[in-house]
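The structure under discussion appears below in the form of structure tokens.
Below, the structure written as structure tokens:
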């Protein structure tokens, strides 16, 4: 619970002191009710090229609210010449621009929590994002038995106790599959994800 006697400046200082380098403000903790299960509406697409997982995952995140094209998202993300996403901050910028949320108080934000805090912070942000009707885009180095040495983006489209529902644009058999939260955390390459908050 946030201490009401803390000023905004003290709260932000505390957040920065805890290593929240991409903290925009201090939000109240969001926790799911025990046994809660929620998913967002989404349209699954397979990535059109080997390097467009970020574009396809962004498409999945936007699909319930907008009708983007994967090629247009790839262009906006700066994907060219077969290279993958070079700047993970672009995902939040592109999602916000496409949703008309640039500068809005509640919008997509790139997160990279400190080592050892990913499980707790990811859970909090996934619950808040899904409850607001927005998928999360997360960077992985593994999904199930598949390894991605250059990293790979998937969308988290739901949550329940101890698990996340992912839509993996590289593998149609994983277009809406539940995986344990511990597995998803273990498969996260650099503690990076983009969530609505």
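Residue numbers (the UniProt record's numbering): 1 to 197.
Using N, Cα and C, we set each Cβ at its ideal position, and we do this for glycine too.
Remember, it's a predicted structure, so these values are computed and weren't measured experimentally.
Of the listed residues the options, nearest to residue i (C-alpha basis)
i           : options            : result
residue 122 : 34, 44, 152, 190   : 190
residue 183 : 98, 171, 166, 81   : 166
residue 81  : 52, 46, 115        : 52
residue 138 : 155, 56, 83, 76    : 155
residue 203 : 45, 171, 127       : The structure shown does not extend to residue 203, since the chain spans only 1 to 197, so no value can be given for it.
residue 58  : 135, 178, 143, 175 : 135
residue 130 : 62, 145, 185, 55   : 62
residue 185 : 127, 145, 117      : 117
residue 111 : 169, 69, 173, 126  : 126
residue 192 : 78, 144, 119, 79   : 119
residue 47  : 37, 69, 36         : 69
residue 84  : 173, 49, 145, 38   : 49
residue 38  : 128, 115, 66, 101  : 128
Cutoff 6 Å; reference residue i; Cβ partners in own chain excluding five residues on either side
i           : result
residue 108 : 92, 95, 96, 194, 196
residue 152 : 53, 140
residue 133 : 40
residue 178 : 163, 165
residue 44  : 167, 175
Same chain only: Cβ atoms within 7 Å of residue i, ignoring 5 sequence neighbours per side
i           : result
residue 41  : 64
residue 180 : 162, 163
residue 76  : 94
residue 89  : 110
Close Cβ partners of residue i (< 8 Å) along its chain, the five nearest in sequence each way excluded
i           : result
residue 34  : 161
residue 149 : 141
Neighbour-count burial assignment, residue i, 16 or more Cβ in a 10 Å radius
i           : result
residue 72  : exposed
residue 158 : buried
residue 113 : buried
residue 106 : exposed
residue 87  : exposed
residue 188 : buried
residue 21  : With a pLDDT of 29 at residue 21, under the threshold of 50, the predicted position of this residue should be treated as unreliable, though the coordinate-derived value follows. Burial call: exposed.
residue 56  : buried
residue 98  : buried
Per DSSP, cross-strand counterpart(s) of residue i
i           : result
residue 137 : 155, 194
residue 163 : 160, 180
residue 108 : 196
residue 143 : 146
residue 188 : 140
Continuous alpha helix (DSSP H) stretch holding residue i: start and end
i           : result
residue 35  : Element bounds for residue 35: n/a, residue is neither H nor E.
residue 65  : Element bounds for residue 65: n/a, residue is neither H nor E.
residue 51  : Segment: none, residue 51 is in no alpha helix (DSSP H) and carries neither H nor E.
residue 78  : Counting along the chain, residue 78 falls outside any alpha helix (DSSP H), and DSSP gives it neither H nor E.
residue 99  : 89-99
residue 170 : Counting along the chain, residue 170 falls outside any alpha helix (DSSP H), and DSSP gives it neither H nor E.
residue 129 : 118-131
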